[in-house]
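Inspection log for the structure reproduced underneath, given as C-alpha cells.
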Amino acid sequence: MSPLTTTILFSSLGLGTILTMSSHHWLMAWIGLEINTLAIIPMISQQHHPRATEATTKYFLTQAAASALILFSSTTNAWTLGTWDIIQMTNPTSTTLLTAALAMKLGLAPTHFWLPEVLQGAKMSTALIITTWQKLAPMSLIYLTMHTLSPTILLLMGMLSSLLGGWGGLNQTQTRKLMAYSSIAHLGWMATISTILPNILTLTLIIYLLMTTTMFSTLIMLKSKTLQDLSTTWTTAPTITTISLLTLLSLGGLPPLTGFMPKWLILEELTMQNLTPTATIMAMSALLSLFFYLRLTYTTTLTMAPNTTPTKHKWRFKSSSPKLLTMATPATLLMLPMTPLLIS
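Its first residue numbered 1, the sequence shown is counted upward by one per residue in the UniProt record's numbering.
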C-alpha cells in the first residue's frame, strides 16, 4: 500500500472516530461511523487472499447492518420526540435498538460471531486497529447515551460476553482468535459497569486499550500467528517473550499487574449495588479467561528451558521498531499502585 493511500486511510479513521465522539446530532454520529467503516475495509482486504476477502465482506455486512440499526433507532426517536439530539434518546424502542446496534458494532455477545472471523482474516496490525481504535466510536456513543440505555440489557450482555469470551478462547490455537475472544470478554466487563459508574468504564477502556496494544505489539514483533509459533519465541527474542508472559497475566487480571485494577473496581461496585449474583458470574467468567491466558503463558515461556536443543532455531531477523511496545508496556504492568489516584 502506497504512503499516500495509507495516510488517507489513517486520517479517515481518525476523522470518523473524532466526528462521532464530538457530534450532538445523530446523523453526524452515523456519518462518522460510516467513514470509520469505509476506511478500515481496504486495510482488511489488503492481502489478496480468499480469507482476507471473506473477512472484509463479513466486517462490511455486520457494520452496515449495525449502522442501519443506529439510523433506524435515531429516526424512530426523532419521529416520536421531534429531536435528533444524541442525549435526548428516551423512546424505549429506540434505546433497545440502539443497544443492539452498538453491541453489534463492538462485538458484544450475542452479536459477537463476526469478530474472531474478521481478525483471523486480517493482518496483525489491522487486527490491532479493529480491537482498539475501532471500539472508541461505539463506546463514546454508549457513554453519551448511558443514562437512557437499559441497565438490564447491558448487564445481561456483559455477563454473556464475559462467559462466551472465556469459553470461546479455551480451544483456540490461533493467536488472533484468542485476542478476539479476549476482546469480547473485556468488552463484557465494560458493558456491565457502563450504566452504573461511567468513570470506571473509562478507566477499564483505557487499560484494555493499553494491554491489547502491548500484546499485539509483541505478537507483531515475534511474528507469532499460532501457539506453535509462540512456543519457540524464546530463541528469537527472550526479552519480548518475557514481556508477552507478563502482559498475558495482566490481561487475565492477576495482581499485582495493571489488569487486576478494572476487575477489582467493577466487582466492588457491583457488590455495592447489591448485584452480588452478577459479580459472582463475572468473577467465575474471569477464571475461564484466565485459564486460556495461563495456557498461552505456559506454551510461550515454560515449555522449553533456554538451553541448546537439537531443534532448528528461528532466524534472528531484525525486528521492527519497538517504540509502541516501549510506551505501552510500563502502563500495562505497573499501574496498580496508582489506583487511588486514577479513581479519585
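Note that CB positions come from ideal geometry on N, CA and C, so glycine has one too.
| Query | Result |
| --- | --- |
| Rounded to whole angstroms, what's the CA-CA distance from Ile257 to Ser74? Just pull it up for me. | According to the sequence provided, residue 257 is Leu. The question's Ile does not apply to it. Roughly 41 Å between the two C-alpha positions. |
| Going by DSSP in three states, Thr148 sits in which element: helix, strand or coil? | coil |
| Checking the sheet assignment: what are the DSSP bridge partners for Asp85? | His25 |
| Counting C-beta neighbours from all protein chains within 10 Å, is the total for Trp234 16 or more, i.e. buried, or is it exposed? | buried |
| Quick one: using the 10 Å Cβ neighbour count with 16 as the cut-off for buried, is Gln228 buried or exposed? | exposed |
| In this structure, how does DSSP classify Gln172 when only helix, strand and coil are distinguished? | coil |
| Around the Cβ of residue 345, are there at least 16 other Cβ atoms within 10 angstroms (buried) or fewer (exposed)? | The question about residue 345 has no answer here: the residues shown for the chain are numbered 1 through 344. |
| Tell me the residue span of the alpha helix (DSSP H) that contains Ala328. | Lys323 to Leu334 |
| How about Thr111 and Ala122: do their beta carbons lie closer than 7 Å? | no |
| For Ile196, tell me which candidate among Ala283, Ala101 and Leu275 has the shortest Cα-Cα distance. | Leu275 |
| Give me the residue from Ser183, Ala137 and Arg295 with the minimum Cα distance to Thr226. | Arg295 |
| State buried or exposed for Leu69, treating a residue as buried only when at least 16 other CB atoms are found within 10 Å of its CB. | buried |
| For Thr226, name the three-state secondary structure that DSSP assigns. | strand |
| For Thr299, tell me which candidate among Lys263, Leu288, Ser231 and Phe260 has the shortest Cα-Cα distance. | Ser231 |
| Looking at the secondary structure, which residues open and close the alpha helix (DSSP H) in which Leu128 lies? | Met124 to Thr131 |
| Pop quiz: Leu149 and Thr192 are said to be a contact at Cβ under 8 Å. What is the actual Cβ separation, rounded to whole angstroms? | Going by Cβ atoms, the distance from Leu149 to Thr192 rounds to 13 Å, so no, they are not a contact pair. |
| Using the Cβ count rule (16 or more neighbours within 10 Å means buried), how would you classify residue 345? | Here the chain comprises residues numbered 1 to 344, so residue 345 is not present and cannot be evaluated. |
| In chain order, what residues of the same chain lie with their CB nearer than 6 Å to the CB of Ser285, ignoring the 5 residues before and after it? | Ser162, Leu163 and Gly166 |
| What does the Cβ neighbour count give for residue 363, buried or exposed, with the cut at 16 atoms within 10 Å? | In the structure as shown, the chain starts at 1 and stops at 344, and residue 363 therefore has no counterpart that could be examined. |
| I believe Thr242 touches Met211 by the beta-carbon criterion, under 8 Å. Please report the beta-carbon distance rounded to the nearest angstrom. | Their Cβ separation, rounded to whole angstroms, is 16 Å, which puts Thr242 and Met211 out of contact at 8 Å. |
| Using the Cα positions of Leu342 and Leu203, report the straight-line distance between them to the nearest angstrom. | 8 Å |
| For residue 346 versus Lys105, is the C-beta spacing smaller than 7 Å? | As shown, the chain starts at 1 and ends at 344. That puts residue 346 outside it, with no answer to give. |
| Ordered along the chain, which non-local residues of its own chain (more than five positions away) have a Cβ less than 7 Å from that of Lys58? | Trp114, Glu117 and Val118 |
| From the DSSP output, in three-state form, read off residue 358 for me. | Here the chain covers residues 1 to 344 and nothing more, so residue 358 does not appear. |
| In chain order, what residues of the same chain lie with their CB nearer than 8 Å to the CB of Gln88, ignoring the 5 residues before and after it? | Asn77 and Leu81 |
| Straight-line CA distance for Trp133 to Pro255? | 27 Å |
| Between the alpha carbons of Leu15 and Asn36, how many angstroms are there, rounded? | 8 Å |
| Would you mind working out which of Thr218, Trp189 and Leu222 sits nearest Ile207, comparing C-alpha positions? | Trp189 |
| Looking only at C-alpha atoms, which of Met338, Met221 and Pro277 sits nearest to Pro238? | Met221 |
| Are Leu33 and Thr20 closer than 7 Å when you measure CB to CB? | yes |
| With H, G and I counted as helix, E and B as strand and the rest as coil, what does DSSP make of Ala279? | helix |
| Under the three-state reduction of DSSP, which class applies to His186: helix, strand or coil? | helix |
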